[in-house]
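Going line by line, the protein sequences match chains A and B.
Heads up: the first sequence runs through residues 1 to 411, numbered per full-length UniProt numbering.
Heads up: the second sequence runs through residues 1 to 411, numbered per full-length UniProt numbering.
Glycine included, each C-beta is placed from N, C-alpha and C at the ideal position.
Since the structure is predicted, the reported quantities are computational estimates derived from the model, not experimental observations.
To keep things clear, I will list the structure first and then write my remarks on it.
Number of protein chains: 2
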Amino acid sequence: MVSIAIMGHGVVGSGVAEIFTTHKQKLYASIGEEVYVKKILDLREFPDSPLADRFTKNFEDIINDLEIRVVVEVMGGLNPAYDFVKRCLKAGKSVVTSNKELVAAHGAELLEIAKETNTNFLFEASVGGGIPIIRPMSQCLVANNVDEIAGILNGTTNFILTKMIEDGMQFDDALKLAQELGFAERNPAADIEGHDACRKICILASLAYGKHVYPDSVHTEGITKITLEDVRYAEAFHCVIKLIGSVKRLADGKIDIIVAPMLVPNKSQLANIDYEFNGIMVRGDCTGDVVFYGKGAGKLPTASAVVADVIDCCKHLKTRKFLYWADGNGKNILPWEESSRAMYVRANGSNVAEKAEKIFGEVTVINKTDAPADEKAFVVKAMPYSEFAEKIAQLEADGVSVLSSIRVADL
Amino acid sequence: MVSIAIMGHGVVGSGVAEIFTTHKQKLYASIGEEVYVKKILDLREFPDSPLADRFTKNFEDIINDLEIRVVVEVMGGLNPAYDFVKRCLKAGKSVVTSNKELVAAHGAELLEIAKETNTNFLFEASVGGGIPIIRPMSQCLVANNVDEIAGILNGTTNFILTKMIEDGMQFDDALKLAQELGFAERNPAADIEGHDACRKICILASLAYGKHVYPDSVHTEGITKITLEDVRYAEAFHCVIKLIGSVKRLADGKIDIIVAPMLVPNKSQLANIDYEFNGIMVRGDCTGDVVFYGKGAGKLPTASAVVADVIDCCKHLKTRKFLYWADGNGKNILPWEESSRAMYVRANGSNVAEKAEKIFGEVTVINKTDAPADEKAFVVKAMPYSEFAEKIAQLEADGVSVLSSIRVADL
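Below, the structure written as structure tokens:
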């Protein structure tokens with residue numbers, strides 16, 4: 001029997017406790033011994049829980065219990081999760097977390113402590129919820145150099161964008177609907193501003209390239225400026241607009257990492273990932289493109305990923321999983337202004353196409369039947385963002401009013 | 001340093017040797033020691049290979065070498081692979097294989113020997129080539145009861161069907177093109193008759209449900225009877241025709257397993273998997289649908305999956321991975337005639353729709369603008385196949401000539 005503790009009894013935490021009860025037999029069969037949930041940490045009371053006798057409000061009850069070998073952290077947020085996790089690892093307990101904020105902010109440090117104390121620090125559920133991605137990347141794709149990762153990593157924004165694309169809903173209405181359906185929080189900033197997706201691409205980039213990438217070193221744009229007009233022009237250009245977290249390996253060893261809405265060609269596998277679903281494309285130098293798809297959030301999908309990590313910890317109480325990356329100083333990250341992508345531009349004025357061609361060289365004008373007479377949308381070829389911004393300034397100086405510009409994904 | 005041997009220096013085998021050379025540093029970083037390819041077994045001569053000094057034509061050189069801890073079997077076919085693998089496992093060497101024929105025919109026995117000798121028998125590359133699927137299923141989805149698996153498991157047939165759908169090519173022409181491009185073998189029977197897909201769904205079903213499913217207990221239909229007419233009617237019904245390997249868990253504990261071409265709704269994730277690509281949907285009771293997509297074959301994709309297994313073996317020389325299923329007697333398999341699915345029917349005669357309605361009850365007629373006057377295609381609701389066959393006989397007795405019938409996937 002292996003004793004574990006669960007810190008946090010919210011949506012994911014209660015799901016974890018539930019799976020250990022409902023799937024007891026299957027889990028037993030997989031490791032050959034019982035996993036016993038000995039303690040659950042939460043400040044609230046749960047008198048009606050079948051595990052009511054295991055609750056504690058005191059972290060010391062967990063850290064001082066030598067029988068507890070694996071601790072699940074599903075409290076969320078940085079404090080006190082960071083402190084608790086650190087103390088658990090230092091005390092020789094393995095830790096499993098679904099907390100992407102924690103892993104994105106302190107992953108390298110916590111992995112280093114786990115290495116020193118010969119424990120495991122696993123976080124499959126922190127990216128993609130129930131979609132297997134961390135373990136496939138660290139184990140199945142280990143014989144690949146990862147050339148690129150591009151993902152739809154946030155279900156809330158993908159739901160909103162899908163509603164805009166499929167039903168012609170305005171952003172605000174789609175957001176309200178997402179909130180009503182429980183896909184968006186009352187304060188949706190972390191999702192719609194791209195911060196949640198940023199944490200996840202940071203975790204994947206750290207894993208793929210071996211050096212911690214901190215969220216504040218990644219240029220991040222959300223979807224709040226996306227309009228139905230842009231959605232329609234994208235459609236006419238055989239694309240859909242998706243919030244993409246992307247990281248690429250460059251020839252000089254640097255990485256090009258960004259979170260931004262992008263026009264994704266319909267033929268791309270990521271274009272068909274709709275509503276609250278997530279999808280992650282990993283381009284390996286041996287495998288080519290591999291795509292993982294599924295529910296990126298939700299009680300049981302996320303909890304089942306946490307439980308799988310717990311099982312892995314229980315199988316590796318004496319050995320370590322080789323999940324590790326070193327700390328990073330951001331010097332391996334290309335400044336985002338130097339990153340090159342084709343750009344979509346929507347603008348207003350007289351002779352927009354001619355003026356754009358004079359400044360950008362060749363442009364591809366997007367024809368949309370019901371476009372206003374003085375509006376034009378076009379796509380310019382890939383160039384560093386700084387050069388693009390300069391040319392846009394020239395265009396505006398030439399009397400054109402630029403209404404929006406969005407990156408075009410080369411997927 | 002861990003010494004390994006590779007049995008077979010064909011497409012995959014030479015890829016494995018290549019990756020151990022080209023990705024040496026990355027692999028070293030992942031396990032902290034060198035993997036040394038000590039012997040390569042092949043009856044042919046490879047004087048120009050950089051590893052020319054490692055070749056042997058004698059299996060005894062491998063089995064008797066106590067330093068060799070992991071053996072890669074990429075010879076293909078059952079003989080002598082089966083005998084060699086068995087002897088390696090019995091001698092305490094872990095084995096990694098990409099040989100789906102071997103795993104589908106003898107998986108249970110080989111896993112049992114591995115258990116007895118405390119070795120590992122891994123076969124990630126046997127299904128889906130470079131797509132991670134065996135490890136995600138056995139580890140990441142361990143906290144799920146698998147309700148269903150449905151996959152496009154054979155790239156050759158998917159290439160042919162895609163060419164029929166997208167370019168209106170006839171089956172024979174598409175097959176010829178696939179052969180020219182190297183996606184189909186000169187003798188394409190194993191692919192186009194569905195046997196290759198059958199082996200793969202057998203492996204996935206054995207893994208998901210814990211009992212070996214042998215290929216000869218699975219009803220298997222290929223794609224040789226699919227016509228362009230059916231492809232067009234499917235299109236009018238918002239579907240594409242795909243060769244699907246499917247297994248479902250039934251309420252009574254039995255499994256419903258089949259390989260057959262099916263009409264797949266356009267909105268399904270599997271509908272967008274085209275050309276030589278593979279895609280596998282796993283429906284877990286906690287995760288919901290998870291889909292894995294990528295190249296299901298090819299030198300480096302397959303070889304990189306083999307190498308990942310080798311690395312895993314090297315990390316687990318003393319412990320065992322909990323990959324296991326017991327032998328099966330086929331009693332847990334629903335007789336295929338009792339399996340229920342909606343059916344697409346194309347038929348010829350007078351008043352086809354009226355006659356079909358009289359026999360089948362409600363039918364959905366598919367309207368296609370350029371259909372011959374006396375031809376009708378329709379879809380009937382799900383019923384056991386035996387009942388469907390009986391009703392089709394009645395329809396034919398009523399003067400209708402049935403041209404084709406294809407299952408409709410409930411994906």
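- Sequence-distant partners of Asp309 (chain A) (beyond 5 residues in either direction) whose C-beta falls short of 8 Å from its own C-beta, in its chain, are Val96, Leu122, Phe123, Glu124 and Ala125.
- Across the region 141 to 172 of chain A, CB contacts with chain B closer than 8 Å involve Leu141, Val142, Ala143, Asn144 and Asn145, in sequence order along the chain.
- One alpha carbon belongs to Ala91 (chain A), the other to Arg54 (chain A), and they sit about 21 Å apart.
- For His316 (chain B), same chain residues with a beta-carbon under 7 Å away, outside a window of 5 residues either side, are Asn120 in chain order.
- For Ser14 (chain A), the nearest beta carbon of chain B is not closer than 8 Å to its own beta carbon.
- For secondary structure counted as the beta strand (DSSP E) over 3 or more consecutive residues, the region 155 to 189 of chain A holds no complete run.
- In the structure shown, Phe46 (chain A) falls within a coil segment according to DSSP collapsed to helix, strand and coil.
- The residue among A:Pro50, A:Leu141, A:Asp230 and A:Tyr344 with its C-alpha nearest the C-alpha of Thr21 (chain A) is A:Pro50.
- Beta-bridge pairing by DSSP links Ser404 (chain A) to A:Arg346.
- Inter-segment contact for the region 316 to 333 of chain B and the region 200 to 218 of chain B is present: three or more beta-carbon pairs are separated by less than 8 Å.
- Excluding five sequence positions before and after Val264 (chain A), the CB atoms of its chain that fall closer than 8 Å to its own CB belong to Cys239, Val240, Ile241, Lys242, Ile244, Leu270, Ala271, Ala409 and Leu411, given in chain order.
- Beta-bridge annotation (DSSP): Glu148 (chain B) is paired with B:Lys248 and B:Arg283.
- For Arg54 (chain A), there is no enclosing alpha helix (DSSP H), as DSSP marks it with neither H nor E.
- Scanning chain A for C-beta atoms nearer than 8 Å to the C-beta of Gly284 (chain B) yields Gly130 and Ser304, reported in chain order.
- DSSP places Thr302 (chain B) inside the alpha helix (DSSP H), whose first and last residues are Lys299 to Lys315.
- By the criterion of a C-beta distance shorter than 7 Å, Ser138 (chain B) is surrounded in its chain by Leu207 and Leu323, once the five residues flanking it on both sides are discounted.
- With contacts defined as CB atoms closer than 8 Å, Lys93 (chain B) and Val70 (chain B) qualify as a contacting pair.
- Around the beta carbon of Val380 (chain B), a 10 Å sphere encloses 16 or more other beta carbons of the protein chains shown; the residue is thus reported as buried.
- Not a single C-beta of chain A is nearer than 8 Å to the C-beta of Ala17 (chain B).
- Distance from the CA atom of Glu357 (chain A) to the CA atom of Glu235 (chain A), rounded to whole angstroms, is 22 Å.
- Around the Cβ of Arg249 (chain A), a 10 Å sphere holds 16 or more other Cβ atoms; the residue is buried.
- When secondary structure is reduced to three states using DSSP, Ile68 (chain A) falls in the strand class.
- Apart from sequence neighbours up to five positions away, the residues of its chain that approach Cys286 (chain A) with a beta-carbon distance below 7 Å are Ala143 and Asn144, ordered along the chain.
- Annotation: the continuous alpha helix (DSSP H) that includes Val103 (chain B) extends over Lys100 to Glu116.
- In the three-state reduction of the DSSP assignment, Ala236 (chain A) falls in the helix class.
- Only Cys286, Thr287, Gly288, Asp289, Val290, Val291, Phe292, Tyr293, Gly294 and Lys295 from the region 285 to 297 of chain B bring a Cβ to less than 7 Å from some Cβ of chain A.
- In this structure, Gly129 (chain B) lies away from Ile280 (chain B), with their beta-carbon atoms at least 8 Å apart.
- Rounded to the nearest whole angstrom, the C-alpha separation of Ile152 (chain A) and Ala105 (chain B) is 39 Å.
- Comparing C-alpha distances from Tyr233 (chain B) to each of B:Leu395, B:Val103, B:Asn64 and B:Ile165 shows the shortest one belongs to B:Ile165.
- Shown here, Gly15 (chain B) sits in a helix according to DSSP, grouped into three states.
- CA-to-CA, the gap between Ile226 (chain B) and Leu204 (chain A) works out to about 42 Å.
- Put simply, of A:Val103, A:Val74 and A:Lys295 the residue whose alpha carbon is nearest the alpha carbon of Ile201 (chain A) is A:Val103.
- Rounded to whole angstroms, the Cβ separation of Tyr275 (chain B) and Phe159 (chain B) is 5 Å, and the two are in contact under 8 Å.
- Assignment of beta-bridge partners to Leu243 (chain B) by DSSP yields B:Pro261.
- For Glu124 (chain A), the nearest beta carbon of chain B is closer than 8 Å to its own beta carbon.
- Leu141 (chain B) places its beta carbon 8 Å or farther from that of Asp256 (chain B).
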